[in-house]
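Enquirer: Below is one structure. I have some questions about it.
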Amino acid sequence: MLLTIASAFTLMAVAQPPAGDAKPGEWYGAKVDASGAIAMSELPAMLEKNDNIDTKIKATVLDVCPKKGCWLSIAVNDSTTAFVKMKDYAFFLPVAAKGKTVVMDANIQMKTISVAEQQHYAEDAKKSREEIEAITQPKKEIRVLAKGITVVE
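Just so it is clear: in the sequence shown, position 107 is 94 by our numbering, and no numbers are missing.
What follows is the structure, encoded as structure tokens:
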């Protein structure tokens, strides 16, 4: 019985984003030096020539998974976003990272995302049932796999 209670508390603790303010200079995963990072807005043109890029990018965080901090949405430009996951789920970001500018060491690819996967992440983001059910087509999306993220602004 004690083991069951301990397991329940462990699961509850794991199922929340890490605490913290995501202040400039703080890092998650591998520490990333901000020098030499390219603007996220440059990625679409680069992905036309090479569909798999390893580089440092600078971007603004638009959203953080409210369940665990295990994914991010970042701005590519005024009308496009990219989806970020953490490599091997080795680290998560606090919800306070929303609105911050970060630099990440990452692998970037253009991928086609299934309806089921889009709906899963919409559920994580606590979208309404109507919004989730409105997802009916696969979509192409820039996917980022971050090895480390440093808050810069």
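Ideal placement from N, C-alpha and C gives every residue a C-beta, glycine not left out. Here the structure is a predicted model, which means the values were calculated and not measured.
Note down the Cα distance separating T88 from V139, rounded to an integer number of angstroms.
Expert: Straight-line Cα distance between these residues: approximately 6 Å.
Enquirer: Pick out whichever of K72, A133 and G7 has its Cα sitting closest to the Cα of V90.
Expert: Relative to the Cα of V90, the nearest Cα in the group K72, A133 and G7 belongs to A133.
Enquirer: For a test of the three-state rule: what should DSSP assign to Q96, helix, strand or coil?
Expert: strand
Enquirer: What is the residue span of the alpha helix (DSSP H) that E120 lies within?
Expert: For E120, the enclosing alpha helix (DSSP H) begins and ends at R116 to E120.
Enquirer: Just to confirm my understanding: we take A77, look at its own chain, exclude 5 residues before and 5 after, and list those with CB closer than 7 Å. What are they?
Expert: Closer than 7 Å at Cβ, skipping near neighbours: G16.
Enquirer: Relative to the alpha-carbon of I129, which residue among E13, I44 and A6 has its alpha-carbon at the smallest distance?
Expert: I44
Enquirer: On a Cα-Cα basis, can you pick out the residue from E117, Q106, M97 and I122 that is closest to V63?
Expert: M97
Enquirer: In terms of alpha-carbon separation, which member of G12, K126 and I136 lies closest to F141?
Expert: The chain is shown from -12 up to 140; residue 141 falls before or after that span and cannot be answered.
Enquirer: In whole angstroms, give me the CA-to-CA distance for E13 and E104.
Expert: 30 Å
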